[in-house]
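Note that my numbering has the sequence shown beginning at 16, numbered continuously upward.
For each residue, glycine too, the CB sits at the ideal point set by N, CA and C.
Treat the numbers as computed from the prediction; the structure is a model and nothing was measured.
Below is one structure, written out as structure tokens; comments come after it.
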Amino acid sequence: MTSLALLAAANPAPVPQSSAEGCTLLVDNLLCCQEFEPGDAPILGPIFELLGLLLPGVNTLVGLQCTSTNAVEVALGSCLDGNVGCCDINDLGGVVALGCHPVTLL
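See the structure below:
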């Protein structure tokens, strides 16, 4: 392991807190996530440790295994086995998305 990787593992980065209150099908950045978990869920510990991040806390909803989608794809059934939402931070390779909000119809 390189010294930079050791440093990152020793000093996990804080996770930015969620800023949005919700989302609708009309937003552009919809995600289909296999599941949403509260930020303090035990399942997240090992994932966040590997990513070098601190757990975001109970008030932040975390999406797991997310893929991009849109309203048309959702209407056609692209996310039947998942949960549709939008997330403040979704640039972690689809493994996790942070600050998620389930979709409301309007």
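query: Assigned exposure category for Ala90 - 16 Cβ within 10 Å defines buried; result: exposed
query: Residue nearest to Thr75 in terms of C-alpha spacing, selected from Asp103, Ser83, Leu41; result: Asp103
query: Contact under 8 angstroms by Cβ, Asn85 with Phe51; result: no
query: For Gly67, the first and last residue of its enclosing alpha helix (DSSP H); result: Neither: Gly67 is in no alpha helix (DSSP H) and is coded neither H nor E.
query: Span of the beta strand (DSSP E) around Val111; result: 111 to 119
query: Beta-ladder partner(s) of Cys102, from DSSP; result: Cys115
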